[in-house]
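Residue numbers (the numbering used here): -18 to 398.
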Amino acid sequence: MDKLRIQGGVPLEGEAHVSGAKNAALPIMCAALLSVEPLRLAKVPQLMDVRTMAKLLRQMGVEVSPLAEGRLALRAARITDPTAGYDLVKTMRASVLVLGPLLARCGRARVSLPGGCAIGQRPVDQHVKGLQAMGATVTIEHGYMNAAAERLRGARIVMDMVTVTGTENLMMAAALAEGTTLIENAAREPEVLDLARCLVAMGARIEGAGSNVIRIEGVRSLRGAEHMIMPDRIETGTYLAAAAATGGRIRLLGAAPKTLDATLEKLREAGARIRVQDSTIELEAAGRPSAVSVRTAPYPGFATDMQAQFMALAAIAEGTAVITETIFENRFMHALELQRLGADIAIQGNSAVVRGVERLQGAAVMATDLRASAGLVIAGLLADGETIVDRIYHLDRGYEALEKKLSGLGARVARVS
Ligand code: EPZ
């Protein structure tokens, strides 16, 4: 089990390149199932979750060939086994994204229920409800969803709540359905729009992606295409929060600033000076950050995936911040670990009241989920002394070359096995 050893107290300085977005790459890899022709991707981040998705697709008969740096070719010439087994699905809930494409392509699919994870129960009822509205029969037996449909039919689907992968699954299924599908109360996340762009390049007819009403006119088949994955807005926000927390000055290259407006706004509120120029974001911290309250919400609101990072920032800020998590029911585990570093945090329901302290003291902490780990790394970077973050496989799932990029920004971090 790898750990990260961090010597804190060093402001981040310098520049780093933003990687491709994990949460765009994963659904877009599944889109390859919708065509017999090759899908060629660029700027695919080298991450554990991407390798897991590649393994899952290969098990179904998809050829997945990593090419040069960040390029990936996928070809689902034929699908030998439309199944996603529990062994892989339990390690990555995004595996559920094969359900819609498999149903659309093969007319059947057997996908393990993802099961919960550290941050919550993570149900997929909206995915199932939407597919049933499109004519699929879905039964749940022995922990698996067994779905079947002669040919999916277009339908008007009103989502009960905003779900990112739910929207993505249904958009992919609708691309090959007979007739037109309307997805209302759709997720507006940039990753949904990036997937739609890739599907349109493959010949899909989609309007409204990125808004809360998406209209998909089904076609008989989709062709291959080339697509460049969008920059990762959560990775970008994570490094910016780390720079603001450590009183540093960094420049991020190859970013998509318009996809993280809420985060940039909150960092400015915390006192950071931010300059945006095309795909470059520069942040210069102004000494100790001011406390900033955040409330997570679906896009374009403040991203739940940035909540842990902002709790670490709040831990040493001037003043008191209230951090409210409205998306997941159990996404404060990092608070308990931050308290071990000396943070003053009181949890009240789905809110955490964080009273900023002058300094945190380094200690041994344990990562519980991907973004909680990022929050702990930020705390380690700003704490006095040494912090050891354990179970950093969580980080490897979502942050490409993390210690390399941090070291490049002057941080004193090392991976220890
Ligand atoms: C996506 O997860 C992201 N993952 C998550 O990022 C992100 O935190 C989340 O969206 C919210 O932005 C990927 O894109 C691969 P949801 P997803 O369905 O789609 C409830 C990371 O760190 N819900 O939008 O699984 C659900 O329980 C990960 O990269 C239902 O009740 O999240 C949650 O409370 C973590 N029924 C809320 O909706 C459903 O059928 C939002 O979940 C679906 C969801």
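The beta carbon of each residue, even a glycine, is placed where N, CA and C say it ideally should be.
Under a Cβ-count criterion, where at least 16 other Cβ atoms within 10 Å of its own Cβ denotes burial, should residue i be classed as buried or exposed?
i, result
"E50", "exposed"
"A327", "exposed"
"T120", "exposed"
"E170", "buried"
"A118", "The identity of residue 118 in the sequence shown is Thr, whereas the question assumes Ala. T118 is exposed by the Cβ-count criterion."
"E131", "exposed"
"A436", "Here the chain comprises residues numbered -18 to 398, so residue 436 is not present and cannot be evaluated."
"T61", "exposed"
"V139", "exposed"
"A386", "Just to set this straight, residue 386 is Lys in the shown sequence, not Ala. So K386 ends up on the buried side."
"R214", "buried"
"G229", "buried"
"M142", "exposed"
"G111", "buried"
"E172", "buried"
"E339", "exposed"
Which residues in the same chain as residue i place their Cβ atom closer than 7 Å to its Cβ, once the five residues preceding and following it in sequence are excluded?
i, result
"R396", "D(-17), L(-15) and E384"
"A65", "L37, S76, V79, V92 and S93"
"L69", "T33, K36, L37 and S76"
"L390", "L(-7), E(-6), G(-5), A(-3) and I231"
"P63", "M41, L83, C87, R89, A90 and R91"
"E381", "S0, P26, Q27 and L28"
"Y67", "S93 and G124"
Go through its chain and collect everything with a Cβ distance to residue i's Cβ below 6 Å, but skip five positions before and after it.
i, result
"T277", "F283, T285, Q288, E306, T307 and I308"
"S260", "G235 and A236"
"M29", "D377 and R378"
"R52", "A23"
"R196", "L163, E188 and G189"
Looking at residue i: is its Cβ nearer than 7 Å to the Cβ of residue j?
i, j, result
"M115", "R134", "yes"
"A54", "R21", "yes"
"G361", "G337", "no"
"M347", "R321", "no"
"S155", "N193", "According to the sequence shown, residue 155 is Ala rather than Ser. No, they are not a contact pair."
"P270", "L294", "yes"
"A128", "A182", "no"
"A266", "A225", "yes"
"A364", "G(-11)", "yes"
"L248", "P8", "no"
"T161", "E198", "yes"
"I231", "L245", "no"
"A253", "I359", "no"
"A392", "I369", "no"
"G356", "M292", "yes"
"S398", "G205", "no"
"G96", "K71", "yes"
Leaving out five residues before and five after residue i in sequence, what residues of the same chain have Cβ atoms less than 8 Å from its Cβ?
i, result
"A99", "N311, M314, T349, D350 and A353"
"G88", "A129, A130, E131 and R132"
"V43", "A13, L14, L55, R56, A57 and I60"
"V200", "A156, L157, G184, A185 and R186"
"I210", "G1, A2, A5, A6, I9, L22, A23, K24, V25, P26 and D175"
"M126", "L80, A90, R91, V92, S93, L94, V105, V109, V119 and T120"
"A151", "A small fix is needed here, since residue 151 is Leu in this sequence, not Ala. If we look at L151 and ignore the five residues flanking it on each side, its Cβ neighbours are G81, H108, G111, L112, M115, I138, T162 and I164."
Residue i to residue j, Cα distance in whole Å?
i, j, result
"L233", "A136", "42 Å"
"A5", "P26", "10 Å"
"V(-1)", "G330", "35 Å"
"E250", "H123", "50 Å"
"A343", "Y280", "Looking at the sequence provided, one finds Gly at residue 343 rather than Ala. Going from the Cα of G343 to the Cα of Y280 covers about 34 Å."
"V394", "M153", "41 Å"
"A272", "A158", "49 Å"
"E188", "A23", "24 Å"
"A316", "L264", "26 Å"
"K3", "A12", "15 Å"
"P19", "A35", "14 Å"
"S202", "V335", "53 Å"
"Q40", "Y374", "23 Å"
"Q290", "V275", "11 Å"
"I(-13)", "G366", "8 Å"
"A333", "V45", "43 Å"
"P47", "M73", "20 Å"
"E216", "V257", "16 Å"
"T146", "A296", "32 Å"
"C179", "A243", "25 Å"
"I262", "P238", "7 Å"
"V(-9)", "P212", "27 Å"
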